[in-house]
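Structure first, then comments.
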Amino acid sequence: MGGIKEVEIAGQKLVIHELEDVSDPLTGKILTGSWVWDSSLLLSEWMTSHGRVEFDFEGKTVLELGAGMGIPGMIAALLGATRVVLTDIPSLLTWLRKNVEANSLGDRVEVRELVWGSEESWLSLVGSTELDNVDLVLMSDVFYDTSEMAALGKTLGWIVKCGCGESKTTTTRIWSATEIRPWTGECLDELTDQGFDVIEFPSPLSAPNCSSSTLSSASSVALDDNEPSFAIYHLVPR
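Structural data, given as structure tokens:
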């Protein structure tokens with residue numbers, strides 16, 4: 001794991017720097033955002049087809065939570081978004097910036113720290129970016145720990161209220177792609193309790209339609225009956 005790989009999404013090529021050291025040096029925890037996950041590829045491909053029918057990216061502001069390698073956010077920029085903010089924990093920001101630079105997207109894409117559930121972190125983000133409106137939130141494989149969902153729900157609540165005065169021109173959409181795992185339902189239930197309706201986009205989704213070289217070794221896609229299934233959800237604040 002680690003090194004540089006090229007990912008192609010519907011004819012759009014991105015250069016991605018994956019981390020070689022996948023543990024946080026301070027906590028020792030595995031940095032799950034340090035390599036490419038299949039859900040991020042799936043969401044990116046869906047955005048280039050179904051997503052652009054549901055949503056006009058042109059001129060919009062997009063925020064990616066738990067961005068990891070930042071693939072969906074960078075695809076949003078290539079689809080016409082004029083401002084994309086990729087957010088994650090501090091340990092991953094250097095690599096996110098490398099990916100933005102490697103794809104010459106620095107004029108449209110910025111990288112910022114955002115810790116879920118921390119109002120101080122959210123206010124710092126808003127203050128440093130002068131963010132006054134978010135049209136679309138993107139998330140990939142964030143439904144992995146039920147204990148994190150309350151914090152995620154808080155952050156999503158702040159985002160959808162961002163610029164709720166005169167500058168708020170549209171309702172914020174929230175899209176999230178995930179591999180279906182035994183605990184996915186519990187995570188979604190937690191977000192429901194946090195005030196979000198969870199709507200699954202139609203048609204069951206399987207492995208992303210990418211060449212094998214673009215698929216993550218950490219979440220490799222089987223080609224037999226045990227092939228993982230995926231879903232893309234629209235979270236709607238009540």
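Taking UniProt numbering, the leading residue of the sequence shown gets 1, the next gets one more, and so forth. All C-beta atoms, glycine included, are put in the ideal place defined by N, C-alpha and C. From a predicted model like this one, the values you see are computed outputs, not experimental measurements.
- Here Ala102 has Val15 as same chain residues with Cβ atoms under 6 Å from its own Cβ, once five neighbours each way along the sequence are excluded.
- Here the alpha carbons of Glu54 and Ala67 stand approximately 22 Å from one another.
- For the 8 Å CB-CB criterion, Phe196 and Leu42 do not form a contact.
- Within the DSSP bridge table, the entry for Lys5 names Ile16 as partners.
- The shortest C-alpha to C-alpha distance from Arg181 to any of Ser39, Gly3, Ala10 and Asp107 is the one to Ser39.
- Exposed is the label assigned to Gly127, since fewer than 16 other Cβ atoms lie within 10 Å of its Cβ.
- Contact between Leu131 and Leu123 is ruled out by a C-beta separation of about 11 Å, above the 8 Å threshold.
- Membership of Ser176 in the beta strand (DSSP E) is indicated by the continuous run Arg173 to Glu179.
- With a cut-off of 8 Å on Cβ pairs, the region 174-189 is in contact with the region 129-145, counting three or more such pairs.
- Going by C-alpha positions, Val100 is about 13 Å away from Lys13.
- The C-beta separation of Thr129 from Val85 comes to about 6 Å, placing the pair in contact by the 8 Å criterion.
- Cβ neighbours of Ser104 within its own chain (closer than 7 Å, five residues either side excluded): none.
- Taking 8 Å as the upper bound for CB-CB distance, Ala77 and Arg112 are not in contact here, some 15 Å apart.
- The shortest CA-to-CA distance from Met47 to any of Gly153, Ala10, Thr61 and Thr82 is the one to Ala10.
- The Cβ atoms of Glu64 and Gly80 do not sit closer than 8 Å to each other.
- A residue is called buried when at least 16 other Cβ atoms come within 10 angstroms of its Cβ; Asp135 meets this threshold and is buried.
- For Val134, no beta strand (DSSP E) encloses it, and the DSSP letter there is neither H nor E.
- Its Cα nearest to that of Val7, the residue Ile75 stands out among Thr87, Ile75, Ser118 and Asp56.
- As far as DSSP is concerned, Ile159 takes part in no beta bridge.
- Per DSSP, reduced to three states, the secondary structure at Arg238 is coil, with no helix or strand assignment.
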